[in-house]
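This note's numbering numbers the first residue of the sequence shown as 2 and each following residue consecutively. By construction, the Cβ of each residue, glycine as well, lies at the ideal position given by its N, Cα and C atoms.
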Amino acid sequence: MKLAGIFGDRMILQRNKENHIWGWDDSPAVTVTIDGEKFSAECVDGRFNIVIKPMDTRLDVDIVVEGSETLVLRDCCFGDVFMLAGQSNMELPVYRTLDISQEIVDKADYPYIRQYRLVPDNDYKPLDEYKLSSDPWISAVPGEIDEMSAYGFFTFRHIYEKTGVPVGLILNAQGGATIEAWMREEDLDEELELIDENYGEGYLPKKVAAQYEEGNKWRERTEIFDINEYASKIPADTTDVEVPCIFRDITGSSWFYKEFEVEGDCENAFLYLGELIDADRTFINGVEVGRTEYMYPPRKYPFDAKILRKGKNLIAVRLISESESAGFISDHPYYIEMDGVKTDLTGTWKMIPECRCGINPVVRMAVMYPVVLYNSAIQTLRGIAVKAFFWYQGESNGEKYIGYDLKFKRMVDSWREIFGKDVPIVATIMPDYINPQSDDISEVPFGWREIQRQQEEAPSMVADCYTVEGRDLGQPFELHPQCKVELGDRAAKVFMEVLGIDG
Numbered sequence: 002m003k004l005a006g007i008f009g010d011r012m013i014l015q016r017n018k019e020n021h022i023w024g025w026d027d028s029p030a031v032t033v034t035i036d037g038e039k040f041s042a043e044c045v046d047g048r049f050n051i052v053i054k055p056m057d058t059r060l061d062v063d064i065v066v067e068g069s070e071t072l073v074l075r076d077c078c079f080g081d082v083f084m085l086a087g088q089s090n091m092e093l094p095v096y097r098t099l100d101i102s103q104e105i106v107d108k109a110d111y112p113y114i115r116q117y118r119l120v121p122d123n124d125y126k127p128l129d130e131y132k133l134s135s136d137p138w139i140s141a142v143p144g145e146i147d148e149m150s151a152y153g154f155f156t157f158r159h160i161y162e163k164t165g166v167p168v169g170l171i172l173n174a175q176g177g178a179t180i181e182a183w184m185r186e187e188d189l190d191e192e193l194e195l196i197d198e199n200y201g202e203g204y205l206p207k208k209v210a211a212q213y214e215e216g217n218k219w220r221e222r223t224e225i226f227d228i229n230e231y232a233s234k235i236p237a238d239t240t241d242v243e244v245p246c247i248f249r250d251i252t253g254s255s256w257f258y259k260e261f262e263v264e265g266d267c268e269n270a271f272l273y274l275g276e277l278i279d280a281d282r283t284f285i286n287g288v289e290v291g292r293t294e295y296m297y298p299p300r301k302y303p304f305d306a307k308i309l310r311k312g313k314n315l316i317a318v319r320l321i322s323e324s325e326s327a328g329f330i331s332d333h334p335y336y337i338e339m340d341g342v343k344t345d346l347t348g349t350w351k352m353i354p355e356c357r358c359g360i361n362p363v364v365r366m367a368v369m370y371p372v373v374l375y376n377s378a379i380q381t382l383r384g385i386a387v388k389a390f391f392w393y394q395g396e397s398n399g400e401k402y403i404g405y406d407l408k409f410k411r412m413v414d415s416w417r418e419i420f421g422k423d424v425p426i427v428a429t430i431m432p433d434y435i436n437p438q439s440d441d442i443s444e445v446p447f448g449w450r451e452i453q454r455q456q457e458e459a460p461s462m463v464a465d466c467y468t469v470e471g472r473d474l475g476q477p478f479e480l481h482p483q484c485k486v487e488l489g490d491r492a493a494k495v496f497m498e499v500l501g502i503d504g
């Protein structure tokens, strides 16, 4: 017997609504027992779908599933379930916000705020072949909270504190996802040919994987120098450059160097290299202390202080630029910290090119294809009851903004056909953002502003839609602002007003 992936220990189901528990078994029938009440269904073609009547709030329930074998789901609850959908800013984990949220996170201990991370099966195939990923429910407690959605935790800690009702978060957000990916086929007027072109189990994942493989080969071609040699000392023929800075026409690979002084022994050492475009391998005194394979994460590299020596020390950064501009993004921290003492690393560095080549073509991720997430991440949840949707998306539509508002309405309408006409949606208005690689970095681009405008006006087009103001929470040249505490405070206030709770 196998249950759909969302059903497991510590899961939370929506209280006061009908729920379904389904899976696959070769027995004639399967029975679910909850607090002594039994619910059964026959297996048809090896599949069962058991209807669970509405239950009131319950904590620490063991759910017993009996068929060809007996499964016990431990420590389950009936509370309020929320679907968090969108792209990377909804997905962004708590640990990516610790620069400004460390104190709150260190004190957090909310065992009844839990999260299931839906990892979609991004493909084009018959709907009955999609399955929910078997990922565990985690809680907002030490040791687990770092991986939770920052938006989700910082919002629903307030809701839980006010209601005392267990909170279940279905984290259904995918970095880079377009709104079209979340829509059904009949609601779209464009790019539908991509469905037929890529239909067939495994075809789309293989296509995307092949693009990534080509990208890896491109990166391999940028490796010309002896890494050990160039990581250990400053070569001849370097030029002085100022950091932070975005450099033009450095497509390929380059090395950047910075010397710093150490006066004596230290026990704890940490390197913060802001944010870089695109990928880096970073060394101190020839020892690799960190690497990041793409442009967005902050470069936060703790390292063994034993590699430091008294006097001059050397940071060497091998930077890969996949487009025509790359470098060290401004308005981010650049420092090395030794036993709590920070040394600023901005200013003059030395640079030498390693390889110059054509650009590395951008991969179109599967979550940028139309309908794919509607099939793999919405339809697959049919039978799961939710209290509300929370939506944070739009970044991937900044250059495709015309008609975003109508697409949003159609998307919400289609979701409500599955989850219920009465399910409200809370949508975030995106924070301001300027791409540091743009030719004009003086103002937020027109397309981005258009998405924000349409998001602000969404309640006039979509019933039971509420917005959270995020425009002022942007950070310069930062696609993933860490200000999720303030954003969560605002989202909680909006939703508590919907519930009629005094915030």
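Beta strand (DSSP E) containing residue i: first to last residue?
{"i": "V318", "result": "G312 to S322"}
{"i": "T34", "result": "A30 to I35"}
{"i": "H21", "result": "N20 to W25"}
{"i": "L488", "result": "It is not in any beta strand (DSSP E) - L488 instead sits in the alpha helix (DSSP H) that spans K485 to L500."}
{"i": "V45", "result": "Neither: V45 is in no beta strand (DSSP E) and is coded neither H nor E."}
{"i": "E289", "result": "V288 to T293"}
{"i": "G169", "result": "V168 to A174"}
{"i": "D107", "result": "First-last for D107: L99 to K108, but that is the alpha helix (DSSP H), not the beta strand (DSSP E)."}
{"i": "Y393", "result": "A389 to Y393"}
Hey, out of the options, whose CA is closest to residue i's CA?
{"i": "P206", "options": "I321, K163, W219 and Y125", "result": "Y125"}
{"i": "L488", "options": "E70, K3, L93 and I22", "result": "L93"}
{"i": "L277", "options": "V263, F261 and S324", "result": "S324"}
{"i": "I51", "options": "S41, N361, D57 and L60", "result": "S41"}
{"i": "G475", "options": "F420, E67, V387 and E396", "result": "E396"}
{"i": "G275", "options": "S254, L500, V244 and N286", "result": "V244"}
{"i": "A237", "options": "T349, K163, E202 and P354", "result": "P354"}
{"i": "Y295", "options": "R220, M369 and K259", "result": "R220"}
{"i": "E470", "options": "A492, W449, W25 and I13", "result": "A492"}
{"i": "E145", "options": "Y467, D110, A386 and F447", "result": "D110"}
{"i": "T240", "options": "V209, Y117 and S255", "result": "S255"}
{"i": "N398", "options": "E186, I13, Q453 and R158", "result": "Q453"}
{"i": "I316", "options": "V288, E215 and Q455", "result": "V288"}
{"i": "F49", "options": "E38, I22, I64 and K351", "result": "I22"}
{"i": "K307", "options": "R11, T223 and C267", "result": "C267"}
{"i": "S69", "options": "P432, T32 and K54", "result": "T32"}
Opposite residue i in the DSSP bridges: which residues?
{"i": "V273", "result": "In the sequence as presented, Val is not what sits at residue 273; that position holds Tyr. Note: Y273 sits in a beta bridge opposite K301 and Y336."}
{"i": "C77", "result": "V62"}
{"i": "Y467", "result": "V427"}
{"i": "A5", "result": "Answer is none; A5 lacks a bridge partner."}
{"i": "V342", "result": "M339"}
{"i": "V242", "result": "W350"}
{"i": "K39", "result": "T34"}
{"i": "M84", "result": "I171 and F390"}
{"i": "S140", "result": "R115"}
For residue i and residue j, I'd like the C-alpha separation in whole angstroms.
{"i": "P437", "j": "I321", "result": "16 Å"}
{"i": "W392", "j": "G341", "result": "39 Å"}
{"i": "A389", "j": "D147", "result": "24 Å"}
{"i": "D473", "j": "V106", "result": "23 Å"}
{"i": "D345", "j": "V263", "result": "13 Å"}
{"i": "L133", "j": "T71", "result": "21 Å"}
{"i": "A464", "j": "E457", "result": "14 Å"}
{"i": "F329", "j": "D279", "result": "9 Å"}
{"i": "I430", "j": "M149", "result": "21 Å"}
{"i": "P298", "j": "A459", "result": "31 Å"}
{"i": "V66", "j": "E202", "result": "31 Å"}
{"i": "M462", "j": "T293", "result": "42 Å"}
{"i": "F83", "j": "R417", "result": "14 Å"}
{"i": "I379", "j": "S439", "result": "35 Å"}
{"i": "C76", "j": "I251", "result": "The identity of residue 76 in the sequence shown is Asp, whereas the question assumes Cys. C-alpha separation (whole angstroms): 55 Å."}
Give the C-beta separation of residue i and residue j to the nearest angstrom, bearing in mind that I take them to be a contact with Cβ-Cβ under 8 Å.
{"i": "A232", "j": "F284", "result": "4 Å"}
{"i": "D27", "j": "G47", "result": "6 Å"}
{"i": "Q88", "j": "G165", "result": "So it is not a contact: roughly 32 Å between Cβ atoms."}
{"i": "L195", "j": "L85", "result": "Going by Cβ atoms, the distance from L195 to L85 rounds to 26 Å, so no, they are not a contact pair."}
{"i": "R249", "j": "S326", "result": "5 Å"}
{"i": "I180", "j": "F420", "result": "With a Cβ gap of about 18 Å, I180 and F420 do not count as contacting."}
{"i": "W183", "j": "L382", "result": "So it is not a contact: roughly 12 Å between Cβ atoms."}
{"i": "K208", "j": "N217", "result": "In fact, because the Cβ distance is near 15 Å, the residues do not count as touching under 8 Å."}
{"i": "S80", "j": "G169", "result": "The sequence as given places Gly at residue 80; Ser does not occur at that position. So it is a contact: roughly 6 Å between Cβ atoms."}
Counting along the chain, where does the alpha helix (DSSP H) carrying residue i start and finish?
{"i": "W350", "result": "Run containing W350: none in the alpha helix (DSSP H); it sits in the beta strand (DSSP E), G348 to R357."}
{"i": "Q455", "result": "F447 to E457"}
{"i": "P206", "result": "Y204 to R222"}
{"i": "G253", "result": "Unbroken run through G253 is the beta strand (DSSP E), G253 to V263; no alpha helix (DSSP H)."}
{"i": "Y117", "result": "From DSSP, Y117 is part of no alpha helix (DSSP H) but of the beta strand (DSSP E) over Y111 to R118."}
{"i": "G328", "result": "Run containing G328: none in the alpha helix (DSSP H); it sits in the beta strand (DSSP E), S326 to F329."}
{"i": "T164", "result": "A151 to T164"}
{"i": "R417", "result": "Y405 to F420"}
{"i": "D281", "result": "Taken as a continuous stretch (DSSP letters only), D281 belongs to no alpha helix (DSSP H), being part of the beta strand (DSSP E) at A280 to I285."}
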